[in-house]
Amino acid sequence: MAEKKLHRFEQGWMALAVKEQLERKGIEARVVSQPREYTTLVLGGVQDRADLYISERDFISAKHVLDEFLADGEGAETSADDLPARKNYRKRVVIFSLLGFLLPLVFNFVATLNFVEMKRRDPPSKWDLWVLLVLMLGWTVALIIVVDGFFLRLL
7 MAEKKLHRFE QGWMALAVKE QLERKGIEAR VVSQPREYTT LVLGGVQDRA
57 DLYISERDFI SAKHVLDEFL ADGEGAETSA DDLPARKNYR KRVVIFSLLG
107 FLLPLVFNFV ATLNFVEMKR RDPPSKWDLW VLLVLMLGWT VALIIVVDGF
157 FLRLL
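Start counting the sequence shown at 7; every next residue gets the next number (the numbering used here).
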(Lines of atoms letter the chains of each structure in order from A and count residues from 1; the text may use other names and numbers.)
(Lines give C-alpha, C1' and ligand atoms only; values in the text may rest on other atoms or scores of the structure.)
Protein backbone atom coordinates (compact mmCIF):
# COMPACT_ATOMS: atom_id res chain seq x y z
CA MET A 1 0.00 0.00 0.00
CA ALA A 2 1.17 3.54 -0.69
CA GLU A 3 2.69 5.73 1.97
CA LYS A 4 1.60 9.23 2.82
CA LYS A 5 3.59 11.91 4.61
CA LEU A 6 2.06 12.53 8.01
CA HIS A 7 4.19 15.43 9.21
CA ARG A 8 7.53 17.19 8.74
CA PHE A 9 9.44 17.76 11.95
CA GLU A 10 12.11 20.39 12.38
CA GLN A 11 13.95 18.13 14.82
CA GLY A 12 14.69 14.50 14.07
CA TRP A 13 14.26 13.39 17.65
CA MET A 14 10.62 14.47 17.59
CA ALA A 15 9.97 12.34 14.53
CA LEU A 16 11.54 9.35 16.27
CA ALA A 17 9.46 9.95 19.40
CA VAL A 18 6.23 10.09 17.37
CA LYS A 19 7.29 6.96 15.49
CA GLU A 20 7.74 5.19 18.81
CA GLN A 21 4.27 6.31 19.94
CA LEU A 22 2.76 5.08 16.69
CA GLU A 23 4.48 1.70 16.99
CA ARG A 24 3.05 1.34 20.51
CA LYS A 25 -0.40 1.75 18.97
CA GLY A 26 0.39 -0.85 16.31
CA ILE A 27 0.91 1.59 13.44
CA GLU A 28 4.01 1.15 11.32
CA ALA A 29 5.85 4.35 10.48
CA ARG A 30 8.99 5.33 8.63
CA VAL A 31 11.20 8.33 9.37
CA VAL A 32 13.11 9.86 6.48
CA SER A 33 15.81 12.38 7.40
CA GLN A 34 16.80 14.89 4.80
CA PRO A 35 20.49 15.27 3.98
CA ARG A 36 22.25 17.77 6.17
CA GLU A 37 23.91 20.85 4.76
CA TYR A 38 27.53 21.80 5.22
CA THR A 39 26.41 25.01 6.95
CA THR A 40 25.44 23.02 10.03
CA LEU A 41 29.11 22.24 10.55
CA VAL A 42 30.16 25.83 10.05
CA LEU A 43 27.42 27.43 12.12
CA GLY A 44 27.36 24.76 14.78
CA GLY A 45 23.65 24.08 14.52
CA VAL A 46 21.66 21.11 13.44
CA GLN A 47 19.19 21.27 10.62
CA ASP A 48 17.80 17.84 11.18
CA ARG A 49 14.45 17.94 9.45
CA ALA A 50 12.67 14.62 9.24
CA ASP A 51 9.52 13.45 7.48
CA LEU A 52 7.25 10.85 9.01
CA TYR A 53 5.54 8.52 6.53
CA ILE A 54 2.51 6.33 7.28
CA SER A 55 0.56 3.89 5.15
CA GLU A 56 -2.65 5.35 3.77
CA ARG A 57 -4.91 2.90 5.63
CA ASP A 58 -3.46 4.00 9.02
CA PHE A 59 -3.33 7.70 8.20
CA ILE A 60 -6.42 8.83 10.15
CA SER A 61 -5.54 6.96 13.34
CA ALA A 62 -1.92 8.13 13.03
CA LYS A 63 -3.13 11.71 12.68
CA HIS A 64 -5.01 11.37 15.99
CA VAL A 65 -1.90 9.97 17.70
CA LEU A 66 0.18 12.84 16.30
CA ASP A 67 -2.35 15.42 17.49
CA GLU A 68 -2.32 13.88 20.96
CA PHE A 69 1.47 13.87 20.99
CA LEU A 70 1.78 17.50 19.92
CA ALA A 71 -0.98 18.68 22.27
CA ASP A 72 0.41 16.72 25.21
CA GLY A 73 2.34 18.73 27.75
CA GLU A 74 1.78 21.54 30.12
CA GLY A 75 1.12 24.83 28.47
CA ALA A 76 2.00 28.13 29.98
CA GLU A 77 -0.82 30.21 31.35
CA THR A 78 0.23 33.14 29.21
CA SER A 79 2.25 33.15 26.05
CA ALA A 80 5.54 34.98 25.75
CA ASP A 81 3.91 37.43 23.35
CA ASP A 82 1.43 38.53 26.01
CA LEU A 83 4.09 39.34 28.59
CA PRO A 84 5.38 42.91 28.57
CA ALA A 85 9.01 43.53 27.78
CA ARG A 86 11.33 44.07 30.70
CA LYS A 87 12.12 47.68 31.42
CA ASN A 88 15.88 47.84 31.54
CA TYR A 89 16.19 51.09 29.67
CA ARG A 90 18.03 52.78 32.54
CA LYS A 91 20.92 50.33 32.25
CA ARG A 92 21.10 50.86 28.49
CA VAL A 93 21.05 54.64 28.85
CA VAL A 94 23.87 54.54 31.39
CA ILE A 95 26.00 52.21 29.27
CA PHE A 96 25.54 54.17 26.05
CA SER A 97 26.07 57.46 27.87
CA LEU A 98 29.34 56.20 29.26
CA LEU A 99 30.36 55.00 25.82
CA GLY A 100 29.47 58.34 24.29
CA PHE A 101 31.42 60.08 27.02
CA LEU A 102 34.45 57.81 27.11
CA LEU A 103 35.07 56.90 23.48
CA PRO A 104 35.88 60.40 22.18
CA LEU A 105 38.05 61.14 25.21
CA VAL A 106 39.89 57.82 25.09
CA PHE A 107 40.55 58.02 21.35
CA ASN A 108 41.82 61.58 21.62
CA PHE A 109 43.96 60.71 24.63
CA VAL A 110 45.57 57.81 22.76
CA ALA A 111 46.11 59.98 19.69
CA THR A 112 47.76 62.66 21.82
CA LEU A 113 50.06 60.09 23.45
CA ASN A 114 51.02 58.77 20.02
CA PHE A 115 51.75 62.31 18.83
CA VAL A 116 53.96 63.03 21.86
CA GLU A 117 55.83 59.74 21.34
CA MET A 118 56.29 60.56 17.66
CA LYS A 119 57.66 64.02 18.51
CA ARG A 120 60.22 62.50 20.91
CA ARG A 121 61.38 59.89 18.44
CA ASP A 122 61.31 61.66 15.05
CA PRO A 123 62.88 64.95 14.01
CA PRO A 124 60.52 67.89 13.42
CA SER A 125 58.63 67.84 10.16
CA LYS A 126 56.38 70.20 8.24
CA TRP A 127 53.28 68.15 9.19
CA ASP A 128 53.63 68.63 12.95
CA LEU A 129 51.53 71.79 12.96
CA TRP A 130 48.74 70.11 10.98
CA VAL A 131 48.74 67.05 13.24
CA LEU A 132 48.60 69.30 16.29
CA LEU A 133 45.68 71.25 14.80
CA VAL A 134 43.79 68.01 14.05
CA LEU A 135 44.39 66.84 17.62
CA MET A 136 43.15 70.14 19.03
CA LEU A 137 40.10 69.98 16.79
CA GLY A 138 39.44 66.41 17.95
CA TRP A 139 39.66 67.43 21.59
CA THR A 140 37.35 70.38 20.95
CA VAL A 141 34.75 68.23 19.21
CA ALA A 142 34.98 65.58 21.92
CA LEU A 143 34.44 68.13 24.67
CA ILE A 144 31.54 69.73 22.79
CA ILE A 145 29.92 66.31 22.36
CA VAL A 146 30.34 65.52 26.04
CA VAL A 147 29.16 68.90 27.31
CA ASP A 148 26.33 69.34 24.82
CA GLY A 149 25.25 65.73 24.74
CA PHE A 150 25.11 65.05 28.44
CA PHE A 151 25.32 68.05 30.69
CA LEU A 152 23.13 70.48 28.78
CA ARG A 153 20.40 67.90 28.12
CA LEU A 154 20.21 67.05 31.80
CA LEU A 155 19.26 70.65 32.59
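C-beta atoms are modelled at their ideal positions from N, C-alpha and C, and glycine is treated no differently.
Note that the structure is predicted; figures quoted are calculated from it, not measured.
Problem set entry | Reduced DSSP category for Ser-103 - H, G, I as helix; E, B as strand; rest coil | On the sequence shown, residue 103 is found 97 positions in, with the first residue counted as 1. DSSP, read as helix, strand or coil, puts Ser-103 in helix.
Exercise. Which residue from Ala-35, His-70, Arg-14, Ala-68 puts its Cα closest to that of Leu-57?
Worked result: As a working note, residue 57 is residue 51 in the sequence shown. A small correction: the amino acid at residue 57 is Asp; Leu does not occupy that position in the sequence shown. Out of Ala-35, His-70, Arg-14, Ala-68, Arg-14 has the C-alpha closest to the C-alpha of Asp-57.
For this session: Flag this pair as touching only if the region 126-134 and the region 92-107 have three or more C-beta atom pairs under 8 Å; answer yes or no.
Result: The region 126-134 vs the region 92-107: no contact.
Exercise. Where Val-153 and Pro-110 are concerned, what is the direct C-alpha to C-alpha distance, given to the nearest angstrom?
Worked result: Numbered from its first residue, the sequence shown carries residue 153 at position 147. Numbered from its first residue, the sequence shown carries residue 110 at position 104. Between Val-153 and Pro-110, the C-alpha separation is close to 12 Å.
For this session: Given a cut-off of 8 Å, decide if Ile-60 and Leu-105 are closer than it, judged by their beta-carbon atoms.
Result: Translated into the one-based positions of the sequence shown, residue 105 becomes position 99. Translated into the one-based positions of the sequence shown, residue 60 becomes position 54. Cβ distance not < 8 Å, so Leu-105 and Ile-60 don't count as in contact.
Exercise. Quick one: is Val-6 buried, meaning 16 or more other Cβ sit within 10 Å of its Cβ, or exposed?
Worked result: Since the displayed the chain opens at 7 and closes at 161, residue 6 lies outside it and no answer follows.
Problem set entry | Close Cβ partners of Lys-25 (< 7 Å) along its chain, the five nearest in sequence each way excluded | By 1-based counting over the sequence shown, the position of residue 25 is 19. The answer, listed in chain order, is Ala-35, Val-37, Leu-58.
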